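Working notes, beginning with the structure itself.
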Amino acid sequence: MKRVGITICNYNKSGMVCKCIEAILEQKYRDYDLFVVDNASTDDSVSVIRDNFSDKVVLLRNYENLGGSGGFNTGLREMMKNDYEYLMCVDNDAMLDEDAVGKLVDFLDSHIECGMAASKIYHLEYPNIVQNYGQTIDFDYYCTEANYFGEKEDGTMPEFVYADALPACSLMVRRSVIDVIGLLPEENFLYWDDTEWGYKCNQAGYKVASVGASKAAHAMGARREDANTFPTYYAWRNWIRFFMKYTPEEKWLEMAATFLSSIYEVEFWGNYNEVFSKANTVMAAYDDAIHGIMGKARAGRIFDMDQDDSFVESAEGIEDEYERGRELFVYMQLPLFIRQLKALRG
9 MKRVGITICN
19 YNKSGMVCKC
29 IEAILEQKYR
39 DYDLFVVDNA
49 STDDSVSVIR
59 DNFSDKVVLL
69 RNYENLGGSG
79 GFNTGLREMM
89 KNDYEYLMCV
99 DNDAMLDEDA
109 VGKLVDFLDS
119 HIECGMAASK
129 IYHLEYPNIV
139 QNYGQTIDFD
149 YYCTEANYFG
159 EKEDGTMPEF
169 VYADALPACS
179 LMVRRSVIDV
189 IGLLPEENFL
199 YWDDTEWGYK
209 CNQAGYKVAS
219 VGASKAAHAM
229 GARREDANTF
239 PTYYAWRNWI
249 RFFMKYTPEE
259 KWLEMAATFL
269 SSIYEVEFWG
279 NYNEVFSKAN
289 TVMAAYDDAI
299 HGIMGKARAG
309 RIFDMDQDDS
319 FVESAEGIED
329 EYERGRELFV
339 YMQLPLFIRQ
349 LKALRG
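See the structure below:
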């Protein structure tokens with residue numbers, strides 16, 4: 009039995025996933041099996057993978073799109089039927105350096121306190137610029153930040169970084185840790201699932217680390233609103249839900265005011281500019297988050313982008329109107345937010 013099981017989650021990226029598979033097959037470390045989960049792609053992904061890699065990978069097919077978390081979990085569940093010591097998730101648009109897998113194995117072997125380890129992630133388009141070297145979860149500003157984001161690699165960064173969470177695009181986890189904390193939170197569908205997974209790992213007493221010797225390049229652009237508000241919905245809903253679940257009780261009012269002010273800002277400028285797609289999606293995401301409606305977005309949550317280049321976002325001359333509206337919105341929504349928060353937290 010191999011020590012490592014690796015799963016790639018793919019959706020409609022036949023060209024990228026082939027390059028991703030090839031990069032893994034070129035790893036110096038060889039003690040692994042490779043699984044590819046196709047998440048109900050509508051392009052030629054399945055046929056391309058079968059034609060080129062049928063003897064090198066185990067192809068698993070979901071017959072509906074289960075999102076990033078559900079797709080990865082399909083692979084993780086299959087791999088957990090075997091006795092792999094380490095399980096690894098790789099995005100279909102991540103290109104791993106030839107030492108990436110082996111260096112993660114080495115790190116986990118020598119750091120028994122660590123439950124998860126991720127590669128140091130660079131921009132695929134700008135390979136000398138760091139995209140993620142661990143994530144910090146901020147319970148003062150209710151956000152997460154990628155360490156060293158946008159910084160140029162100069163060789164002075166630490167050899168590894170312990171963090172609050174890690175991106176799942178090139179992430180290895182101990183099988184024994186999954187037995188404790190469970191799989192990726194599938195209800196997220198997309199975004200914040202890896203953040204929550206890393207946070208739960210830390211809560212369970214294991215450290216999580218980004219490892220500088222393990223390198224991967226990752227494409228950006230998944231959250232761009234080129235055509236519709238698909239990324240907006242999941243980013244906002246799961247952002248709100250995460251902090252509702254994990255913020256200490258003494259900070260509930262501060263957290264609620266922060267979220268409600270952010271939602272109001274999007275709503276105000278959407279209405280002011282008569283550009284409603286993002287505002288409508290954010291309000292739907294907020295409503296679903298506080299009512300615990302998770303999983304794949306229901307109808308009426310995602311909208312085509314408005315085609316308008318005249319967007320104005322300046323309170324100059326309307327400061328009083330903006331502030332009165334914000335205070336009223338927070339005042340009106342705060343009781344509902346806190347009531348739903350109490351129900352969630354029991």
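Quick note: to get the numbering used here, add 8 to the position in the sequence shown (first position is 1). Glycine included, C-beta positions come from ideal geometry on N, C-alpha and C. Predicted model, so just to flag it, every value in this text is computed and none were measured.
Span separating the alpha-carbon of residue i from that of residue j
i      : j      : result
VAL188 : PHE311 : 39 Å
ARG231 : LEU132 : Its pLDDT being 49, under 50, ARG231 is placed unreliably in this model, and the value from its coordinates should be taken loosely. Each residue's alpha carbon lies about 16 Å from the other.
GLU273 : ASN236 : 20 Å
TYR330 : THR266 : 16 Å
MET291 : MET252 : 16 Å
LEU344 : PHE284 : 24 Å
MET96  : VAL12  : 7 Å
GLY358 : LYS10  : Given that the chain is displayed from residue 9 to residue 354, the structure contains no residue 358 and the question cannot be resolved.
ILE298 : GLY78  : 22 Å
LEU261 : ALA305 : 27 Å
LYS286 : HIS119 : 44 Å
LYS350 : GLU257 : 9 Å
ASP107 : ALA154 : 23 Å
VAL56  : CYS26  : 8 Å
LYS259 : GLU86  : 40 Å
ASP41  : TYR207 : 27 Å
ASP59  : TYR280 : 53 Å
MET313 : GLU194 : 27 Å
Assigned exposure category for residue i - 16 Cβ within 10 Å defines buried
i      : result
ARG309 : buried
ARG347 : exposed
LEU179 : buried
SER62  : exposed
ARG332 : exposed
GLN35  : buried
SER14  : Checking the sequence, you will find Ile at residue 14 rather than Ser. Flag for ILE14 reads buried.
THR50  : exposed
THR240 : buried
MET361 : Residue 361 lies beyond the stretch modelled for the chain, which goes from 9 to 354, so this question has no answer here.
LEU336 : exposed
ASP202 : buried
LEU74  : buried
GLY23  : exposed
ARG249 : buried
VAL166 : Going by the sequence as given, residue 166 is Pro instead of Val. Exposed, by the Cβ-count rule.
ALA264 : buried
Residue i and residue j closer than 8 Å at C-beta
i      : j      : result
TYR170 : VAL216 : yes
CYS17  : GLY76  : yes
THR144 : ASP172 : yes
ALA31  : MET103 : yes
ASP101 : ALA227 : yes
LYS363 : TYR130 : Outside the shown range of the chain, which is 9 to 354, sits residue 363, and nothing can be said about it.
PHE157 : ASN140 : yes
TYR94  : ARG182 : yes
LEU68  : THR82  : yes
VAL65  : VAL44  : yes
ALA126 : LEU174 : yes
THR289 : PHE147 : no
Residues near residue i in its chain [Cβ-Cβ closer than 6 Å; skip 5 each side]
i      : result
ALA246 : Rather than Ala, the amino acid found at residue 246 in this sequence is Asn. The residues are ASN196, TYR199 and TRP200.
VAL54  : ASP46
ASN90  : none
ILE29  : PHE61
LYS128 : TYR141, SER218, GLY220 and LYS223
ALA225 : MET103, TYR130, LEU132 and PRO135
TRP205 : LEU192
Chain-order list of residues whose beta-carbon lies under 8 Å from that of residue i (same chain, five-residue window excluded)
i      : result
VAL185 : GLY123, MET124, CYS209, ALA212 and TYR214
Residues of its chain near residue i, where Cβ-Cβ distance is below 7 Å and the 5 sequence neighbours each way are ignored
i      : result
TYR37  : VAL109, GLY110 and VAL113
LYS160 : ASN136 and ILE137
GLY325 : none
ARG334 : SER269 and TYR272
Residue-level contact to chain C via CB, residue i, 8 Å cutoff
i      : result
LYS350 : Looking at the structure shown, chain C is missing, and only one protein chain is on hand.
Ordered list of beta strand (DSSP E) runs contained in the region 192-265, each at least 3 residues
215-226
Kindly provide the ranges of any beta strand (DSSP E) runs that are 3 or more residues long and lie completely inside the region 46-83, ordered along the chain.
66-70
In chain order, each beta strand (DSSP E) run of at least 3 residues that lies wholly inside the region 100-155
102-104, 122-131, 138-140, 143-146 and 151-154
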